[in-house]
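So the structure is just underneath, and the comments pick up after that.
Numbering (the working numbering), first residue to last: 23 to 256.
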C-alpha cells in the first residue's frame, strides 16, 4: 500500500512520536492550527504539500495572475502562508484580519480530490467547508476576502512559518512535497529528508506497545512500570 495511505491510518500523535524517536524533538508539529472543518469520517488528513504564498501589496515581487486552485494536484494538501512580515509569534499568529481562503476554493479543491487545506492565517465561509466535509486547518476565522490587502507571489515554492519557542523563536520551512498530516490533535509535517521507510516500520510497533500500556493501566499496573516494560527495545 502507498505510504501516504498507510499514514492515514494513524494519528498525528503517532507520527510525532516516531519523529521524536528519529531525532526531531518537536515531533514535526506545526503548532497553533485548529481543525475548523473535518472530513466525513473524522479521519486523519494526509497528503503532500502544495504551497501558496501571499505577501503585502507593497512587496516588490510581481503578483501572480490566474489563481492557483485549478492546478491543485489530486491527493495534495493545500498549504497557504504569508510572508514573515505578516506573521506573529503570539496569538492570533497573523497580523491579517482578512481571510486567505474561502468556500469556493474548497469547492474546487474537493472536486479535484485534494486531501485538505492548511492555512497559516484566517479562513471564511466556515459552513461551506463543513458542508463539503473538507479538512480545513487555520489559525482562525475572518469575514473579509484577502484581495484588498495581499497578493499571491509564489506557487509551489518553500514557505516560511514563524513559531515561538524557547529559548528563542524559530522559522519552519515547508517545502512542496513535504508530507502534511492533520487531525483533531493538530498538524504535523514530515520533511522529505526524513527516513520515511524506517518511520513507517516504527509507528505500528509504538502504537501496539502503547495499546498494551493502556490495557496494563486498566488492569491496575503502575503507568511508569507499564511504559518501561512495553516500550523496551523501541
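Cβ coordinates follow ideal geometry from the N, Cα and C atoms, glycine included. Treat the numbers as computed from the prediction; the structure is a model and nothing was measured.
Those residues which DSSP pairs with residue i across a bridge
i, result
"residue 195", "182"
"residue 78", "172"
"residue 51", "210"
"residue 177", "74"
"residue 123", "145"
"residue 139", "100, 158"
As assigned by DSSP and simplified to three states, the class of residue i
i, result
"residue 201", "strand"
"residue 167", "coil"
"residue 56", "strand"
"residue 208", "strand"
"residue 104", "strand"
"residue 66", "coil"
"residue 113", "coil"
"residue 160", "strand"
"residue 152", "helix"
"residue 237", "helix"
"residue 32", "coil"
"residue 131", "helix"
"residue 38", "helix"
"residue 247", "helix"
"residue 25", "helix"
"residue 86", "coil"
Close beta carbons around residue i, own chain, < 8 Å, minus the five adjacent residues each side
i, result
"residue 44", "216, 217, 220, 221, 224"
"residue 207", "33, 34, 35"
"residue 104", "75, 76, 77, 116, 118, 122, 142, 143, 172"
"residue 231", "252, 253, 256"
"residue 193", "106, 182, 183, 184, 185"
"residue 47", "none"
"residue 130", "91, 92, 94"
"residue 81", "105, 173, 175"
Beta-carbon proximity list for residue i, same chain, < 6 Å, skipping 5 on both sides
i, result
"residue 238", "248"
"residue 128", "151, 154, 156"
"residue 98", "69, 70, 72, 136"
"residue 138", "67, 99, 157"
"residue 164", "119, 120, 121, 144, 146"
"residue 159", "55, 57, 140, 204, 209"
Pairwise C-alpha distance: residue j and residue i
i, j, result
"residue 185", "residue 191", "6 Å"
"residue 75", "residue 90", "10 Å"
"residue 79", "residue 86", "12 Å"
"residue 63", "residue 161", "23 Å"
"residue 253", "residue 119", "46 Å"
"residue 169", "residue 211", "28 Å"
"residue 73", "residue 183", "12 Å"
"residue 180", "residue 107", "16 Å"
"residue 9", "residue 149", "Here the chain covers residues 23 to 256 and nothing more, so residue 9 does not appear."
"residue 42", "residue 27", "22 Å"
"residue 83", "residue 175", "6 Å"
"residue 134", "residue 96", "6 Å"
Cβ-based neighbour list, residue i, same chain, cut-off 7 Å, excluding 5 preceding and 5 following
i, result
"residue 114", "161, 162"
"residue 12", "What is shown of the chain runs 23 to 256, which leaves residue 12 out entirely."
"residue 214", "197, 199, 200"
"residue 235", "248, 249, 252"
"residue 40", "221, 224, 225, 228"
"residue 132", "154, 156"
"residue 50", "37, 38, 41, 210, 211, 212"
Residue-chain proximity (residue i, chain D), Cβ-Cβ < 8 Å
i, result
"residue 67", "In the displayed structure, chain D is absent; only one protein chain is listed."
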